[in-house]
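To keep things clear, I will list the structure first and then write my remarks on it.
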Ligand code: UDX
């Protein structure tokens with residue numbers, strides 16, 4: 292099939308490379324000239340395992356191309372996938388301006404009938420808005436079918452999530468469009484759910500909001516475990532063994548971040564208020580998450596009394612491991628709060644240092660290694676559960692510190708390694724602390 296993808300962010304790029312790898316001819320488009328130039332040479336703009344190899348392979352076999360020209364990209368395409376961003380606007384709703392512009396660009400340049408498939412996360416009813424823009428601007432002899440085909444990939448595992456998704460949701464207005472899109476994905480052998488367009492749009496928001504709610508729920512349980520002496524890890528396992536609950540997304544920590552959960556929970560809350568509904572469960576999910584991001588600072592305050600002049604090593608800056616993305620990362624809130632408290636922050640991340648410098652500027656010090664970050668530190672905060680931190684020699688690392696105090700915001704360090712330290716104070720989340728004087 293001949294496919295065009297508009298937008299080369301995480302979703303567009305992963306979709307483009309995976310569809311070309313499945314045998315389709317794909318052209319990916321973006322307005323960012325530099326990005327397209329780099330991509331055409333096989334250089335990925337983001338850190339994402341497996342992306343580079345797929346880019347190389349499919350550029351090499353001629354099935355994957357990149358262009359900034361809509362005319363060239365849309366020429367003779369049967370399926371047009373829109374994967375542009377829908378950032379958060381000031382009132383919490385999704386900003387649809389990139390999507391509206393994409394619709395105008397398509398209308399101006401499309402030279403044959405096609406299925407317009409919206410993969411961007413969009414509020415229920417957006418397909419109708421885009422269809423109207425297309426109708427108003429398309430030449431009379433060209434018609435389009437609309438489809439909603441939300442994407443469920445996670446950053447850091449975007450390629451494997453796309454190739455091995457749990458399900459593909461296809462919302463269409465007619466059978467022809469549904470079966471064409473089903474054919475497009477058939478080689479991946481992933482279960483497909485056909486729905487109406489509005490249901491497909493809602494499935495994306497409902498799924499992300501539910502997962503975010505699950506995280507906030509387990510974070511509150513973790514806080515309660517600390518207060519009552521229970522161990523949240525056992526509680527998560529015990530809950531997760533119930534198939535109705537499931538074990539995924541029951542890992543407590545310092546809150547969810549990233550480009551999706553925070554934005555999508557807010558947007559769904561906004562949609563509900565537009566329909567005169569107060570979706571209190573979502574409001575509470577957001578409140579708990581905001582509080583949870585500050586948890587390590589509160590714990591350090593209660594341990595030290597005052598953080599003024601203290602050196603805190605912050606290990607991990609990206610919102611989760613295997614990505615260099617800092618969007619809505621807890622590290623931002625934590626470093627701001629530490630600076631407010633008068634602390635010095637020495638930060639280290641294995642891949643997100645360049646992005647961090649753009650976001651955190653000069654307010655924190657950037658270390659070249661975990662060893663440098665923890666040197667003479669009063670405490671270390673584990674903010675992202677990078678494997679290299681888990682595998683570090685903590686017995687040695689704590690010796691470099693002024694005081695061997697660890698606040699583990701991701702419960703990722705191994706207790707058996709902590710116990711090997713000669714002296715240590717280890718504060719995890721929702722389970723008993725370890726103190727060796
Ligand atoms: C998420 C959804 O999982 C994905 O389906 C959707 O398409 C986009 O949003 P992503 O933001 O890439 O993906 O990351 P994810 O792995 O879901 O983690 C999101 C946040 O939740 C991270 O900050 C992570 O640390 C946190 N999290 C996740 C927890 O705190 N506990 C968990 O148990 C799981």
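In the working numbering, the protein residues as written are 292 to 728. The beta carbon of each residue, even a glycine, is placed where N, CA and C say it ideally should be. Since this is a predicted model, take the numbers as computed values, not measurements.
Check                                                                                                                                                                                              : Outcome
Does ligand 1 have even one heavy atom less than 7 Å from the beta-carbon of residue 541?                                                                                                          : yes
Compare the Cα-Cα distances from residue 407 to each of 386, 527, 429, 414 and report the closest residue.                                                                                         : 429
Is residue 442 near ligand 1 - that is, is its Cβ less than 7 Å away from at least one heavy atom of it?                                                                                           : yes
For a test of your reading of the model: does the CB of residue 445 fall under 7 Å from any non-hydrogen atom of ligand 1? Yes or no.                                                              : yes
Here's the rule I'm using: 16 or more other beta-carbon atoms within 10 Å means buried, otherwise exposed. How should residue 613 be labelled?                                                     : buried
Going by the C-beta, is residue 610 closer than 7 Å to any heavy atom of ligand 1?                                                                                                                 : yes
Extract the residue ranges of the beta strand (DSSP E) inside the region 609-666, only unbroken runs of 3 or more that lie entirely within it.                                                     : 635-639
If I follow the unbroken beta strand (DSSP E) through residue 316, where does it start and stop?                                                                                                   : 316-320
Please go through the same chain and pick out, in chain order, the residues whose beta-carbon is closer than 7 Å to the beta-carbon of residue 506, but skip the five residues on each side of it. : 540, 547
So residue 437 is in the alpha helix (DSSP H); what residue range does that whole segment cover?                                                                                                   : Per DSSP, residue 437 belongs to no alpha helix (DSSP H); it is in the beta strand (DSSP E), 435-439.
Check whether the Cβ atoms of residue 295 and residue 383 sit closer than 8 Å, and answer yes or no.                                                                                               : no
Ordered along the chain, which non-local residues of its own chain (more than five positions away) have a Cβ less than 7 Å from that of residue 585?                                               : 624, 628
Measure the alpha-carbon distance for residue 621 versus residue 545 and round it to whole angstroms.                                                                                              : 7 Å
Between the alpha carbons of residue 465 and residue 472, how many angstroms are there, rounded?                                                                                                   : 11 Å
Rounded to the nearest angstrom, what separates residue 682 and residue 572 at their Cα positions?                                                                                                 : 38 Å
Are there 16 or more other CB atoms within 10 angstroms of the CB of residue 535, so buried, or fewer, so exposed?                                                                                 : exposed
Taking its Cβ as the centre, do 16 or more other Cβ atoms sit within 10 Å of residue 589, making it buried, or is it exposed?                                                                      : exposed
Taking DSSP as the reference, what is the three-state secondary structure of residue 476?                                                                                                          : helix
What do you get for residue 492, buried or exposed, if any count of 16 or more other CB atoms within 10 angstroms of its CB means buried?                                                          : buried
First and last residue of the alpha helix (DSSP H) that includes residue 500?                                                                                                                      : 488-519
Is the Cβ-Cβ distance between residue 598 and residue 633 less than 8 Å?                                                                                                                           : yes
For the alpha helix (DSSP H) that contains residue 299, what are its first and last residues?                                                                                                      : Per DSSP, residue 299 belongs to no alpha helix (DSSP H) and is neither H nor E.
For ligand 1, any of its heavy atoms closer than 7 Å to the Cβ of residue 496?                                                                                                                     : no
Assign residue 458 to one of two classes, buried (16 or more other C-beta atoms within 10 Å of its C-beta) or exposed (fewer than that).                                                           : exposed
For residue 579, which residues of its own chain have a beta-carbon under 7 Å away from its beta-carbon, when the five flanking residues on both sides are left out?                               : 507, 510, 511
Per DSSP, which one or two residues make a beta bridge with residue 405?                                                                                                                           : 435
One question on the structure: do residue 435 and residue 444 come within less than 8 Å of each other, judged by their Cβ atoms?                                                                   : no
Indicate whether the contact test is met: 3 or more Cβ pairs, each with one atom in the region 333-347 and one in the region 365-381, closer than 8 Å.                                             : no
Hey, could you find the ends of the alpha helix (DSSP H) residue 568 is sitting in?                                                                                                                : Careful: residue 568 lies outside any alpha helix (DSSP H) and carries neither H nor E.
Specify the secondary structure class of residue 396 as computed by DSSP and reduced to three states.                                                                                              : helix
Along the beta strand (DSSP E) that carries residue 460, what are the first and last residues, could you check?                                                                                    : 459-463
My assumption, with CB atoms under 8 Å, is that residue 734 sits in contact with residue 377. Please give the rounded CB distance.                                                                 : Outside the displayed range of the chain (292 to 728) lies residue 734, so it cannot be described from this structure.
Span of the beta strand (DSSP E) holding residue 715?                                                                                                                                              : 715-718
Ends of the beta strand (DSSP E) at residue 698?                                                                                                                                                   : 696-699
Classify residue 286 as buried or exposed, calling it buried when 16 or more other Cβ atoms lie within 10 Å of its own Cβ.                                                                         : Past the boundaries of the shown model lies residue 286; the chain is included only from 292 to 728, so the question cannot be answered.
Do residue 552 and ligand 1 come close, with the Cβ less than 7 Å from some heavy atom?                                                                                                            : yes
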